[in-house]
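In the working numbering, each residue's number is its place in the sequence shown (first place is 1) plus 303. Below: one structure, written as structure tokens.
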Amino acid sequence: MADSLIELHDLKKEFDGTPVLRGISLDIKSREFVTLLGPSGCGKTTTLRIIGGFEQPDSGDVLFEGRRLNDVPPYRREINTVFQRYALFPHLNVAENIAFGLHIKKMNPAEIKLKTREMLSLVGLSGFEARDVTSLSGGQQQRVAIARALATNPKVLLCDEATSALDPKTTNAILELIREINQKLGITVIIITHQMSVVESTCRHVAILEEGQVVEQGEVSAVFSHPKSEAARRLVFPEGNPESLLCSLPGSRLIRVVFNGADATGKPIIARMATEIGVEANIAYASTRSIEGRAYGSMLLSIEDKNDDLARAIGYLTQDGDITAQEVTQY
304 MADSLIELHD LKKEFDGTPV LRGISLDIKS REFVTLLGPS GCGKTTTLRI
354 IGGFEQPDSG DVLFEGRRLN DVPPYRREIN TVFQRYALFP HLNVAENIAF
404 GLHIKKMNPA EIKLKTREML SLVGLSGFEA RDVTSLSGGQ QQRVAIARAL
454 ATNPKVLLCD EATSALDPKT TNAILELIRE INQKLGITVI IITHQMSVVE
504 STCRHVAILE EGQVVEQGEV SAVFSHPKSE AARRLVFPEG NPESLLCSLP
554 GSRLIRVVFN GADATGKPII ARMATEIGVE ANIAYASTRS IEGRAYGSML
604 LSIEDKNDDL ARAIGYLTQD GDITAQEVTQ Y
């Protein structure tokens, strides 16, 4: 596609005769924040490693700005990777780790020093130049890894389970940093994860992988409000198919509500709906969280099947552009 930054065309890959990728095709536009989501073994990491140049596909092509990348080594791609376990050099201090790629590019020492300080400021570690990386916390080490990845001015940042080894508070801080990098620097970000919370709180676009194929993709709000594939439904409803709820709630109808950054600073929207339009709803399932006053996640609401309550509820809930709502009929 003409406006795509990265294009994956029918990627296939086997390891020891076992197919891992069975024809991955995906288009990623410039400045997007995308997650590759799916269970362990679905092909997420292999796909990311092929984009980064650490693996070669058995067949298929990787295009970057329309140019074929298959045979281009990682250090010559405008793509850098942040790994799950940081991958810092323990014998180098913080500044030396960040400057590693700059020395490979043969930048002059003054420029390297300036760029290193700029990157430390960006990730909130000013003054850490001489620190031993092994003395840093996990979150600080990941910030150094992010600074190193950004120092060479890549157009794409790949994050391979970059928060899975961190505690929830540190995870949120690192995700906020990556989101700021995406928005302020215009760098395309591709995260791979199996954590729904990462997708709900951070990403705008999602590609769901299962058994080496992309089974569903699109905007997070659209995919989560009405998942079409069985793989997406399992991720959206981790506690079970809503079909069982349909059977257990006679006389009621279900609405799937997705919060993608809605204002969460006032009275809860379900309580407001009951007060303002007289429609009461029971929460049959919920997985939501508030980050910096914004709501992320999803709910399954049960509403009594009478009059036009369902339509009025959907109309009320979707007044906010960051909320989608749709009736759950059958799966």
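From the three backbone atoms N, C-alpha and C, an ideal C-beta is built for every residue, glycine too.
Own chain partners of residue i with C-beta closer than 6 Å, once the 5 adjacent residues on each side are dropped
| i | result |
| --- | --- |
| Val433 | Before going on, a small fix: residue 433 reads as Ala here, not Val. So the qualifying residues of the chain are Asn396. |
| Leu372 | Val365 |
| Phe403 | none |
| Leu439 | none |
| Arg325 | Gly515 and Gln516 |
Closest residue to residue i among the options (Cα-Cα distance)
| i | options | result |
| --- | --- | --- |
| Glu358 | Thr349, Tyr378 and Ser555 | Thr349 |
| Ala390 | Gly356, Arg420, Arg451 and His406 | Arg451 |
| Ala577 | Asp566, Val459 and Leu604 | Leu604 |
| Arg271 | Gln444, Asp611, Asp625 and Ile481 | With the chain covering only 304 through 634, there is no way to say anything about residue 271. |
| Met602 | Asp608, Ser590, Ala468 and Lys609 | Ser590 |
| Val426 | Lys408, Arg370, His406 and Leu453 | Leu453 |
| Arg536 | Phe562, Leu480 and Met499 | Met499 |
| Asp330 | Arg352, Gly355, Phe367 and Ser524 | Phe367 |
| Arg507 | Thr321, Leu613 and Val337 | Val337 |
| Thr505 | Ile484, Phe527, Leu478 and Pro530 | Leu478 |
| Gly618 | Glu579, Arg325, Ile494 and Val517 | Glu579 |
| Thr627 | Tyr588, Asn563, Asp463 and Val518 | Asn563 |
| Glu522 | Ala510, Lys531 and Leu620 | Ala510 |
Bridge-paired residues (DSSP) for residue i
| i | result |
| --- | --- |
| Phe318 | Thr321 |
| Glu607 | Ser555 |
| Asp463 | Ile495 |
| Leu311 | Leu329 and Val365 |
| Phe336 | Val492 |
| Leu512 | Val517 |
| Met602 | Val560 and Ala589 |
| Asp623 | Its beta-bridge partners do not exist; DSSP assigns none. |
| Asp435 | Asn396 |
Beta-carbon contacts of residue i that lie in its chain and below 7 Å, excluding the five residues immediately before and after
| i | result |
| --- | --- |
| Val323 | Lys316, Glu317, Gly346, Thr349 and Gly515 |
| Glu513 | Gly341, Cys345 and Ala534 |
| Asp473 | Going by the sequence as given, residue 473 is Thr instead of Asp. Here the set comprises Gly441 and Gly442. |
| Asn400 | Leu391, Phe392, Val436, Val447 and Arg451 |
| Pro377 | Gly355, Gly356 and Phe357 |
Proximal residues to residue i (C-beta, below 8 Å), its chain only, five neighbours per side dropped
| i | result |
| --- | --- |
| Cys550 | Residue confidence for Cys550 is low, a pLDDT of 49 falling below 50, so the modelled location carries little weight; the figure read from the coordinates is stated next. Nothing listed; no residue qualifies. |
| Lys332 | Asp306, Ser307, Leu308 and Thr491 |
| Leu405 | Glu414, Ile415, Lys418, Thr419, Ala454 and Thr455 |
CB contact check: residue i to chain D, cutoff 8 Å
| i | result |
| --- | --- |
| Leu538 | Looking at the structure shown, chain D is missing, and only one protein chain is on hand. |
Per-residue burial, residue i [other beta carbons within 10 Å of its own, 16 or more giving buried]
| i | result |
| --- | --- |
| Lys418 | buried |
| Asn411 | exposed |
| Arg370 | exposed |
TODO: Could you pull out every unbroken beta strand (DSSP E) segment of at least 3 residues lying fully inside the segment 342-386, listed in chain order?
DONE: 362-367 and 382-385
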